[in-house]
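In the numbering used here, the protein residues as written are 4 to 304.
Note that beta-carbon positions come from the ideal geometry of N, C-alpha and C, so glycine has one too.
Take a look at the structure below.
What follows is the structure in structure tokens.
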């Protein structure tokens, strides 16, 4: 299906059974819940999530599950995060065969590639793909940047259509638009900068806490697009303590705990991750409990 490249795209969590195998049934429930809440796309096996604990075939299975659930209602993007270019190309081919609509790609990890190496990696993936691509820019996490000059070179290939901007510098939205106009669609990839990025001209939001609070996330975006800024801001201010749980090394555990407490998921993670414990868990529980206690009544959209 064609992709509009705007709106809320959840980076969905991967579900596991008690034995740490994939829980396909639970993922179908989770993906359906997101789509029913009005999200505009699904992104599987996010790179800061649990993709690193999955073998290639499992990543393909998760993507295939999302495609089956979507049934063309929303586009499905598969995240390409591998340690080398050859395996990235292999995944792209298998994910396309599984029916995905596009890809979100980032530099190979954990190696810190220079600009020439990063561009070569991206171009090799694009050459193997027939679907459009979102470029994930996150120098904070991966220590590899994709600057404006690199984006200018990638702009020569029409497969590169969107950017997930996660540099933690909202000013880059303006700089990218000033340089490229509407050549790239820009998505904010930092939960607690999302509304700020939308005000600066971003087209969408690759979201994390949407996994636990899909209706609130969608409401913020739709209210903003409708020009109902005060209403969007009110919900966003309520949401901020939760959104800040996404900006953490343990974002997966935080989000899955929020899912469980919101009644739409569970806490199971695949080792080496473990569920939160002790004071760390107590602190996150208090944040989520307060949010649930003060959860806003959403306006009609």
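field: Own chain, CB closer than 7 Å to residue 84, minus 5 neighbours either side, in chain order
entry: Hits under 7 Å: 50, 54, 109 and 112.
task: Can you have a look at residue 13 and say buried or exposed, based on whether 16 or more other CB atoms are within 10 angstroms of its CB?
output: buried
message: Pairs of beta-carbons, one from the region 93-104 and one from the region 56-68, closer than 8 Å: are there three or more?
response: yes
- request: Pick helix, strand or coil for residue 8, following the three-state DSSP scheme.
  value: Note: residue 8 maps to coil in three-state DSSP.
message: Judging by CA-CA distance, which residue of 184, 126, 304 and 68 is the nearest neighbour of residue 135?
response: 126
query: Would a C-beta distance cut-off of 7 Å place residue 272 and residue 41 closer than the cut-off?
result: no
- prompt: Nearest-angstrom Cα distance between residue 224 and residue 198?
  reply: So the alpha carbons of these two residues sit roughly 8 Å apart.
- prompt: Among residues of its own chain, excluding the 5 on either side of residue 157, which ones have a beta-carbon nearer than 6 Å to its beta-carbon?
  reply: 163
message: In whole angstroms, give me the CA-to-CA distance for residue 99 and residue 132.
response: 8 Å
field: residue 128 classed as buried or exposed, judged by whether at least 16 other C-beta atoms fall within 10 angstroms
entry: buried
Three-state secondary structure assigned by DSSP to residue 40: coil
query: Taking buried to mean at least 16 other C-beta atoms within 10 Å of its own C-beta, is residue 239 buried or exposed?
result: buried
- prompt: How many angstroms separate the CA atom of residue 5 from the CA atom of residue 80?
  reply: Straight-line Cα distance between these residues: approximately 12 Å.
query: With distances taken from CA atoms, which of 106, 86 and 245 is nearest residue 70?
result: 106
message: For the alpha helix (DSSP H) containing residue 81, name the first residue and the last one.
response: Following the DSSP letters along the chain, one finds residue 81 in no alpha helix (DSSP H) but inside the beta strand (DSSP E) bounded by residues 79-83.
field: DSSP bridge partner residues for residue 25 (one or two, in chain order)
entry: 19
Rounded separation between residue 121 and residue 191 - CA only: 21 Å
query: Out of curiosity, what's the CA-to-CA distance linking residue 43 and residue 289?
result: Residue 43 and residue 289 have their C-alpha atoms spaced approximately 30 Å apart.
query: Do you know offhand how far residue 228's Cα is from residue 237's?
result: 15 Å
message: Could you check whether residue 10 and residue 207 sit closer than 7 Å to each other, using their CB atoms as the reference points?
response: Yes. Within cutoff.
- request: With a threshold of 6 Å, establish whether the CB of residue 65 neighbours any heavy atom of the ligand ADP.
  value: Ligands displayed in this structure: none; no statement on the ligand ADP is therefore possible.
message: Does residue 161 come out as helix, strand or coil in the three-state DSSP assignment?
response: coil
task: Look at the Cβ atom of residue 204, then the Cβ atom of residue 176, and state whether they are nearer than 7 Å.
output: Closer than 7 Å, so yes.
query: Can you give the Cα-Cα distance for residue 67 and residue 35, rounded to whole angstroms?
result: 14 Å
Cβ distance (whole Å) where residue 138 is taken to contact residue 180 below 8 Å: Contact flag wrong, Cβ pair sits at about 15 Å.
- prompt: Which whole-angstrom value is the C-beta distance of residue 270 and residue 254, which I expect to be below 8 Å?
  reply: Going by Cβ atoms, the distance from residue 270 to residue 254 rounds to 13 Å, so no, they are not a contact pair.
field: Which of helix, strand or coil DSSP assigns to residue 139
entry: Correct three-state label for residue 139: strand.
query: Can you check whether the CB of residue 246 is closer than 7 Å to the CB of residue 279?
result: Residue 279 is not a Cβ neighbour of residue 246, given a cutoff of 7 Å.
According to DSSP, residues forming a beta bridge with residue 1: Since the first residue of the chain shown is 4 and the last is 304, residue 1 is not available in this structure.
message: Measuring alpha carbon to alpha carbon, tell me which residue in 115, 27 and 90 is nearest residue 58.
response: 90
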